Amino acid sequence: MTTPKSRTIATLSRRQFMASTAAVALVAGASTLATPLRAAEPIKTAGIYTVPVEQQWVSRIHKAAMTAQERGDVDYVYSENVSNTDYARVMREYAEQGYKLIIGEAFAVEQEAREVAAEYPDIAFLLGSSFKPDDALPNFAVFDNYIQDASYLSGIIAGSMTKSGNIGMVGGFPIPEVNRLMHAFMAGAHEMNPDIKFQVSFIGSWFDPPKAKETAFAMIENGADVLYAERFGVSDAAAEKGILAIGNVIDTQADYPDTVVASAIWHFEPTLDKAIAEVNAGTFKAADYGVYSFMSEGGSSLAPLGTFEDKVPEAAMTLVNERSAAIKAGTFTVEINDEEPKSS
């Protein structure tokens with residue numbers, strides 16, 4: 106195992122990134138499979154993560170992989186706390202060991218990850234990414250946690266619960282994967298009260314609970330009575346100060362029964378199950394799996410309210426139920442806004 110290291114934001118612009126990887130695409134294009142990708146059952150699958158598997162985002166990938174293994178669909182192993190500088194090496198090690206499906210995250214190692222994928226055209230790579238797939242790299246598919254639907258619904262609840270009209274939001278980094286969820290949450294809160302103000306801050310880390318907690322304390326001092334807990338540590342601050350919190354990606358209501366009102370949950374199962382089916386069918390290809398995180402695909406949901414079941418205003422729950430049905434039916438669309446959110 107390597108020493109834990111926070112994931113950093115890639116500094117390349119999308120145009121610079123695509124230009125710098127043009128050579129990789131050409132190599133991959135030259136090695137396009139004459140026969141489709143195929144794997145025997147169970148599929149040898151490896152997960153590579155830059156943070157502990159307990160971290161919210163990664164925990165959902167890990168959970169889905171464990172579920173697939175219990176079904177007998179995959180033979181799953183994983184490495185956690187892999188530093189960005191070590192990521193490509195670990196990818197190669199698993200590739201050399203005969204793993205047929207490699208899952209994980211490429212946000213800070215886009216170029217290196219795609220270079221490795223080009224070297225192993227018979228292996229399916231499914232990695233979290235802010236960039237799109239490239240047909241010239243046919244064995245490299247991307248995904249993202251598009252759970253803006255559930256985030257919007259949790260925002261409606263938050264907007265109905267704040268008394269001060271001041272909501273604090275603590276995130277890791279202002280990247281699209283975080284920004285879109287915050288914007289959706291803010292839009293939901295404004296459904297209940299268009300005058301709500303937001304304090305927005307990013308801690309510059311994916312896993313630093315003490316720093317997230319400290320940032321949350323500052324927001325509470327500045328009047329926030331509801332916190333959006335995009336990072337671990339925020340709900341701890343809310344619990345200590347006796348205010349409310351909204352969870353993200355995982356359901357922590359049982360851990361904070363008097364604090365966490367609602368949570369937007371990410372279900373990675375539809376994404377992984379689609380990849381498993383494609384590998385088994387020999388049809389895995391460069392594709393954007395982001396759609397499988399949408400609520401209409403079963404990729405996200407609003408967690409049960411638990412101890413807050415009868416404490417959320419009826420008007421808010423009526424709107425939540427109406428919008429949930431409309432989202433699933435395709436008659437209401439939550440806006441996807443990847444721009445960095447600002448305090449208001």
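Each residue of the sequence shown is one higher than the last, beginning at 106 in this note's numbering. Every residue gets a Cβ at the ideal spot worked out from N, C-alpha and C, and that includes glycine. Values in this document were obtained by computation on a predicted structure and should not be read as measured data.
8 Å or more divides the Cβ of Thr438 from the Cβ of Phe248.
Segment contact: the region 218-225 against the region 292-311, fewer than three CB-CB distances shorter than 8 Å; contact not assigned. Per DSSP, reduced to three states, the secondary structure at Asn250 is coil, with no helix or strand assignment. Annotated three-state conformation of Asp191 is helix, per DSSP.
Secondary structure at Ser234: coil, using DSSP grouped into helix, strand and coil. Fully contained in the region 311-384 are the following beta strand (DSSP E) runs of length 3 or more, in chain order: 331-334, 349-354, 365-371. Take Ala408, set aside five residues on each side of it, and the residues of its chain with a beta-carbon closer than 6 Å to its own are Asp356, Ser368, Ile370, in chain order.
With a 10 Å radius around the Cβ and a threshold of 16 neighbouring Cβ atoms, Gln202 comes out exposed. Gly276: not part of any alpha helix (DSSP H); member of the beta strand (DSSP E) spanning 271-276, first to last residue.
Cβ-Cβ separation between Gly209 and Ile280: approximately 16 Å, too far for a contact (criterion under 8 Å).
When only Cα atoms are considered, Glu326 and Met287 end up about 21 Å apart. Distance from the Cα of Gln253 is smallest, within the candidate group Gly387, Pro418, His372, for His372. The beta-bridge partner set that DSSP reports for Glu210 consists of Gly233. When secondary structure is reduced to three states using DSSP, Ser448 falls in the coil class, being assigned neither helix nor strand. Cβ-Cβ distances below 6 Å link Tyr181 to Thr150, Ala170, Gln174 in the same chain, with the five nearest sequence neighbours on each side left out; the list follows chain order. In this structure Asn250 touches Val354 by the C-beta definition: roughly 7 Å separates them, less than 8 Å. Straight-line measurement puts the Cα of Ala382 at about 42 Å from the Cα of Ala342. If you compare the alpha carbons of Val275, Val331, Gly347 with that of Lys316, the shortest gap goes to Val275.
In the structure shown, the three-state DSSP call for Thr150 is strand. Distance from the CA atom of Val384 to the CA atom of Ala200, rounded to whole angstroms, is 15 Å.
By the neighbour-count definition (other C-beta atoms within 10 Å, threshold 16), Gly177 is an exposed residue. Less than 8 Å separates the beta-carbon of Val366 from that of Ile262. Cα atoms of Glu414 and Ala420: separation of roughly 13 Å, rounded to the nearest angstrom. Contact annotation, Arg197 with Val221: C-beta distance approximately 6 Å; criterion of less than 8 Å satisfied. In this structure, Asn442 lies away from Asn298, with their beta-carbon atoms at least 8 Å apart. Using a 10 angstroms sphere on the CB of Ala434, the tally of other CB atoms stays under 16, which defines it as exposed. Beta-bridge pairing by DSSP links Asp443 to no other residue.
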